[in-house]
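Encoded as structure tokens, the structure appears first; notes follow it.
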Amino acid sequence: MYSCKIINLPKILDARGNLSFVENNNQIPFVIKRIYWIYDVPGGTERGGHAYKENMEFVIALSGSFDVILDDGFSKKVYNLNRSYYGLLVPKMIWRKMENFSTNSLALVLSSTDYNEKDYVRDYDLFKSIAVKSM
Ligand code: TYD
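Quick note on numbering: the sequence shown equals residues 673 to 807 in our numbering.
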């Protein structure tokens, strides 16, 4: 089991501009199967609002800022992501929502599985009941 946490990425400081990177099973504890990104989010919009049965994610604010609200079924925590040299590890079976996207923000999401709609839990009550059972 992994816990939700911020992971700092390597930062190569250079007068020409900084560079950060992520490698499979190194900075993050999984092999990347899929990468997607969220952009052009209209002000006031909320994304997410689901959990995954198996998929694990690592979320980076490549540009701008946004909040990721994580909920394990018992307590919630808000992470404000606003720099590109760290990211948030979101293990499976964590309810997650994203909101407060700044103008021109860019959320990069590294995923441990291919896209599979059957892996989503989109009903919060169902999510809660699974979380309680797996205690
Ligand atoms: P969804 O994961 O529900 O977005 P969010 O959590 O940000 O609200 O995905 C939105 C739509 O995009 C949904 O119809 C499925 C599709 N989608 C893919 O086809 N492939 C992907 O890798 C992802 C993440 C989503």
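No residue lacks a Cβ here, since even glycine has one placed at the ideal position from N, Cα and C.
Because the structure is a prediction, the values reported are computed rather than measured.
Original post:
Since Ile678 sits in a beta bridge, which residues does DSSP pair it with?
Top reply: In the sequence shown, counting from the first residue as 1, residue 678 sits at position 6. Answer is Leu760, bridged to Ile678.
Original post:
Taking the alpha-carbon positions, what's the Pro792 to Gly759 distance?
Top reply: Along the sequence shown, one-based indexing puts residue 792 at 120. Along the sequence shown, one-based indexing puts residue 759 at 87. Position check: residue 792 holds Tyr in this sequence, whereas Pro was assumed. Taking the straight line joining both Cα atoms gives about 22 Å.
**OP:** List the endpoints of the continuous beta strand (DSSP E) containing Phe730.
**Re:** By one-based count along the sequence shown, residue 730 stands at place 58. Note, Phe730: beta strand (DSSP E), Glu729 to Ser735.
Subject >> ligand 1 heavy atom lying under 7 Å from the CB of Ile732 >> reply: As a working mapping, residue 732 is identified with position 60 in the sequence shown. Flag unset: Cβ of Ile732 not near ligand 1.
**OP:** Check whether the Cβ atoms of Leu633 and Ile684 sit closer than 8 Å, and answer yes or no.
**Re:** With the chain covering only 673 through 807, there is no way to say anything about residue 633.
Original post:
Looking at Val708 and ligand 1, is the gap between the Cβ and the nearest heavy atom below 7 Å?
Top reply: Residue numbering aside, residue 708 sits at position 36 when the sequence shown is read from its first letter. The displayed chain sequence assigns Tyr, not Val, to residue 708. Tyr708 has its CB nearer than 7 Å to a heavy atom of ligand 1.
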